[in-house]
Amino acid sequence: MRESPRKRTPRPSSTRELGAIDMASWYFTLLLVSLIVLGFLRLDWEATTKGAERHHRRTCDEIYVVEEGETLHTIGEKCGDPYIVETNPHIQDPDDVFPGLVIKITPSHVRD
Numbered sequence: 581m582r583e584s585p586r587k588r589t590p591r592p593s594s595t596r597e598l599g600a601i602d603m604a605s606w607y608f609t610l611l612l613v614s615l616i617v618l619g620f621l622r623l624d625w626e627a628t629t630k631g632a633e634r635h636h637r638r639t640c641d642e643i644y645v646v647e648e649g650e651t652l653h654t655i656g657e658k659c660g661d662p663y664i665v666e667t668n669p670h671i672q673d674p675d676d677v678f679p680g681l682v683i684k685i686t687p688s689h690v691r692d
């Protein structure tokens, strides 16, 4: 019986070719790991952003109760309403804002 001829896999002819193949393999591995890490970071960032949006919407209802340390300016920035004094005629002095004061918020995206 004759043995069937075996197919030979081509071997690199020099050490230089082996080094180039090894280096390409490392670059490919590094690229693959980087893409996986970036994918996880993106998912984490999206979850954080959606959570922050929900929190932002929840804190600026139409009726807002002023908390300790807040000013009309900080509330206006936080809620997107630069015209708080104009929409709240009961506020006589914009500098006299105190915790527990109830104000109406109309975010600027609602005005447009």
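Numbering (this note's numbering), first residue to last: 581 to 692.
Just so you know, even glycine gets a beta-carbon here, dropped at the ideal spot from N, CA and C.
Remember, predicted model here, so these are calculated numbers, not experimental data.
- Message: Tell me which residue opens and which closes the beta strand (DSSP E) that I685 is part of.
- Response: No beta strand (DSSP E) holds I685; DSSP gives it neither H nor E.
- Message: Quick check on the DSSP output: the alpha helix (DSSP H) that includes V665 runs from which residue to which?
- Response: 664 to 667 is the span of the alpha helix (DSSP H), which, as asked, contains V665.
- V645 (DSSP reduced to helix, strand or coil): Strand.
- Message: According to DSSP, simplified to helix, strand and coil, what is T624?
- Response: Per the sequence presented here, residue 624 reads as Asp, with Thr not at that position. Helix.
- Message: Within the continuous alpha helix (DSSP H) that includes I740, where are the two ends?
- Response: In this structure the chain extends from 581 to 692, so residue 740 is not present and cannot be described.
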